[in-house]
C-alpha cells in the first residue's frame, strides 16, 4: 500500500482552540481510496520547524498533503518552507499574478503587494485552482514523492481535493482504490455485534473489517480491493444482523427514519423527558422533515406529563415517571395531541442526580403508539449524563425504524 | 517558553473515523499553563515509525506527552517503542504486576498473561496511577526532556493529567503558567466584537488576545504571564462589551442561564419550531436543570402552533409562521400551558427548503413572555441548516439571560 502523510499548518490549530477538520476529511477521502495514512502532523507557523517537518515526512511517504499557510500574510510560510526543505526555488508566475489581480479588480478592489506572493510557484510544480478563493494550491513530484499544497479554508480545500487532487491521484495510480461497504446497527451491545460479525465473515479472507461505536449505534465497515468481496460481505452481514441494521451506505439513522415515514405517508410526534428535546432535534436535522414530523413535547415535570400528555396522576405517584406504563401513556398522549400516526416517548434518569428514588441513573423507558397498539420497553444505559441522553435518543429512533419494518419491540430486545 | 510536543498513538486515529479528542484536551491544558505546543503528531501502531517519531520529537521538545498504546494487546507498542527510541530497557515491576493481579481478582476475574506487560517500566521512569483502569502511565526524564506516557482512554488520561502530571509539571517549573481570562459574548457579529475588544485593550501591551467563533457565541481569551494584567483586561472588556457578556470563566451559557433562573426561583418553558428541540436539549444538558426547566413544545406545523400553543389561525394564514407576532403568541402559549414564569419561543426557516414563500432561509423570530410583557425580535442568520439552527438556539438562550439581567430586547439588538 502507498504511504501518505498529512500535515496541517497553523498556530491556531496547535493549542486546542480551533479544531482541525481538514485532516479528518483528507484522511477519510484518502484511506477509503486505498492510501495508507502513516502520519498526521500539526505544525505552527515557524519556518525552521515547518521545513524540518516537510523533509522528515517526505522521506517516509509516497504522498504528502500539506494544508494551510498559503495565504498572503507573512505568517503564511508553507511555500517557502517546502522550497527550503526540498531545495526547490520559488518563482513568481506572471500569469497567476495577473489572474489574481483580475479577481480583485472584479470585486472593485486593488490587489495588495502581499497577495502577489500567492503567485510564487515551486520549481517543477503545477498550479491547483483556485476556483473559490485567492490561494492556489500546488502539485509537485519530488524524488518519487508527490507533494500537494492546499489552502486551509475548508471549502477551498474540499473543492480542490474533489476536482483536482483525487482525479489526478486516480490517474497516476489507477485501481489503487478500495471498495468500502458500511452498515449501521442500533440498540445492541458492541460485543454482541462483534461476535455476529466475526462469525458471518469468518470464511472470508482479504477483508478489512472495522467498527466505530457511536453512542447507541455501531458503524461496521468492510473494505477490500475486490468490489465483489465487499458486496458479498455486506450481503452476509445483512443476513446475520437482520433486524439490527438500521442504515446502509452513507445514510444516517435519521435519514432512514425520514425515508421510511415518508414512503408510507406516516407522521410522527415525540414526547421526551430526560432527552430534553434531543430526539426532536435529531429528527428535524434532516431537511424536509416537516413532511413527516408533527412536533414534540418535552415534559420535564410530573405536572407537564399529566396536564399536557394526559398521563394518570395516580400512576406517576405510585410508580414514578420511569417505567413502561408511563412511557406508553406519554406515547399515546403525544400521538393524540399532535394528531400524528405514530407517537414516540422517552422517559428516564440521565443523572447525575435523580437516581435511586425508584430507578437507578441510566434507566430509560421508551414507548411507541400507533393506530393498532402501544409498545414499551425499558433499558439500563451506561455512561454519564450526556452519554445516557445520546444513547436513549438513538434507541428511540431505532424503535420507530424497527416498528415501521414490522418488527415488534419484544423481538428486538 | 518551554516547548511541548503531543503524540497520539493508534491506527484508529489515523484514517479519520475516530476523532482524537485527547490531543485537543492536552493542548488546551498545557498551552493555558504556558507551554508552547510546537507539534501534534498522530502515528499508527507500527514499531519502527513510532520509535522514529519518538526520537525525532524528543530532539525538538522539553516535554513530550505520548497517549495511547499502553494496553495489554500486541498492538500496544508505546512502551517498547519508547524503550527503543531512547535506548532504555523495560523491566517488569513485580509490585505493579501484583497490583494489577489484585485488581482483576477483585472483579472476580483472572489476569491474562498479556496484562502483565502493563507492568513493564522504562528504566529510570516513575509510575503514574492507575486509579481508574489497568493501564498505568509513566513519567521519565531523559537528557533534559520530560517524556510522559498516558493511556488513550479519555477518562483515565484526564484523571492522570489533573492529579499527577500537571501538579508535577508545576512543581518542576513553578510560575511557568500563564494567567488566562475568558469571556463569552452572544448574539453579536464577530467583526463588531473584534473592534470593541481592540479599542478596549489598545493601550495594553504584552497580552495575548484570541477569539473563537462558536455558532452564535464568541469566546474571547486574554492571556499573560502577569495575572494582574489579565484581571485588568477582563475588567476593561466587561465594561466595553457590557450587556453582551453572557458568561465568564469556564461557565457555558447554558450554565449561566440555569444559575440565573435558579437564584431568582424562576421557571422556563420553551416553544420551538425550526430548532426542533435543540433549545430544550441544550438547557437540559445541565445537571439539575429540572429545578427550573418546565418543558417544551416543538410545534413543527401550523396546526400544532394553533392547537397546542393557541396561536391565532388567521394570523398564521395572513402572515405565515416566521414573524414577531407569531413568536409572541408562541411564547405566551407555552408559558401558560406549562405554568412557567418565562415562556421562550423560536420560529424560523432553517432551509434549505421552505424559504422564499414569505421569508428567506435564515429568517428566525424569537419571543419571550414573562408576567409583565412579551418581547420579540427577528434576525436574519447566515449559513446552512445546521448553522442557522445552532445560531438560533444560542440567540434564544442569550435572550433569556439578557432579560433576567433587566435588559430589554430592543436595547440588545
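Residue numbers (the numbering used here), protein chains in the order written: chain E, 10 to 422; chain Y, 10 to 422. Yeah, the Cβ is synthetic: ideal placement off N, Cα and C, and Gly gets one too.
Using a Cβ cut-off of 8 Å (strictly closer), state whether residue 303(E) contacts chain Y. yes
Give a yes or no on whether the C-beta atoms belonging to residue 372(Y) and residue 358(Y) are separated by under 8 Å. yes
Using the beta-carbon of each residue, which ones in chain E are nearer than 9 Å to residue 64(Y)? Simply none; closest approach about 11 Å.
Coarse secondary structure for residue 278(E), derived from DSSP in three states: strand
Which of helix, strand or coil does DSSP assign to residue 41(E)? coil
So with Cβ pairs under 8 Å, would you call residue 287(Y) a contact of chain E? yes
Quick check for students: name the residue ranges of the beta strand (DSSP E) that lie wholly in the segment 121-187 of chain Y, counting only runs of 3 or more. 129-131, 135-137, 146-151 and 154-159
8 Å Cβ cutoff met for residue 377(Y) and residue 340(Y): yes
With a 10 Å radius around its C-beta and 16 neighbouring C-beta atoms as the bar for buried, classify residue 124(E) as buried or exposed. buried
Given this structure, state the Cα-to-Cα distance separating residue 398(Y) from residue 414(E), to the nearest angstrom. Take the alpha-carbon of residue 398(Y) and the one of residue 414(E): they are about 31 Å apart.
How many Å lie between residue 311(Y) and residue 322(Y) at the Cα? 8 Å
Along chain E, which residues have their Cβ under 9 Å away from the Cβ of residue 306(Y)? 304, 305, 306, 307 and 317
Proximity of residue 255(E) and residue 190(E) at Cβ, strictly below 8 Å: no
Under 8 Å, CB to CB, which of the residues in the segment 42-59 of chain Y have a partner in chain E? 46, 47, 48, 49, 50, 51, 52, 53, 55 and 58
When you compare the CB of residue 268(Y) with every CB in chain E, is at least one pair closer than 8 Å? no
Heavy atom of the ligand MG less than 7 Å from the Cβ of residue 381(Y), yes or no? The ligand MG is not among the ligands present in this structure, which contains no ligands whatsoever.
What residue range does the alpha helix (DSSP H) around residue 406(Y) cover? Where residue 406(Y) is concerned, the enclosing alpha helix (DSSP H) stretches over 394-413.
Would the segment 236-243 of chain Y count as touching the segment 190-210 of chain Y if we require 3 or more Cβ pairs under 8 Å? yes
Chain Y partners of residue 294(E), CB-CB under 8 Å? 285, 394, 395 and 398
Rounded separation between residue 8(E) and residue 407(E) - CA only: Lying before the first or after the last residue shown, residue 8(E) is absent from chain E, which here runs from 10 to 422.
Classify residue 193(Y): buried if its beta carbon has 16 or more other beta carbons within 10 angstroms, exposed otherwise. buried
Closest residue to residue 403(Y) among 16(Y), 264(Y), 13(Y) and 121(Y) (Cα-Cα distance): 264(Y)
By alpha-carbon positions, which one of 145(E), 62(E) and 259(E) ends up nearest to residue 101(E)? 145(E)
Of the residues 112(E), 202(E) and 67(E), the one placed nearest residue 150(E), counting alpha carbons only: 67(E)
Can you grab the Cα-Cα spacing for the pair residue 267(E) / residue 301(E), in whole Å? Their backbone Cα atoms lie some 7 Å apart in a straight line.
Is the separation between the beta-carbon of residue 280(E) and that of residue 205(E) shorter than 8 Å? In this structure, residue 205(E) does not lie closer than 8 Å to residue 280(E) by Cβ.
Can you list, in chain order, the residues of its chain whose CB lies under 6 Å from that of residue 286(Y), leaving out five sequence neighbours each side? 307
Hey, residue 405(Y) and residue 320(Y): beta-carbon distance below 8 Å or not? When the beta-carbon positions are compared, residue 405(Y) and residue 320(Y) stay at least 8 Å from each other.
Can you find a CB in chain Y that lies within less than 8 Å of the CB of residue 224(E)? Closer than 8 Å: no.
Contacts of residue 346(E) in chain Y (Cβ-Cβ under 9 Å): 313, 316 and 317
I need the DSSP call for residue 298(E), collapsed to helix, strand or coil. helix
Helix, strand or coil at residue 112(E) [DSSP, three-state]: helix
Going along the chain, which residues of the segment 22-38 of chain Y sit with their C-beta nearer than 9 Å to a C-beta in chain E? 22, 23, 24, 25, 26, 27, 28, 29, 32, 33, 34, 35, 36, 37 and 38
Taking 8 Å as the threshold, find out whether the segment 31-49 of chain Y comes into contact with the segment 115-123 of chain Y through three or more Cβ pairs. Contact between the segment 31-49 of chain Y and the segment 115-123 of chain Y is absent: fewer than three C-beta pairs spanning the two stretches fall below 8 Å.
Run down chain Y in chain order and give the residues with a C-beta less than 8 Å from the C-beta of residue 104(E). The contacting residues do not exist; residue 104(E) stays about 34 Å from chain Y at best.
Hey, does residue 263(E) have any beta-carbon neighbour from chain Y nearer than 8 Å? Residue contact with chain Y for residue 263(E): absent (no Cβ-Cβ distance below 8 Å to any residue of chain Y).
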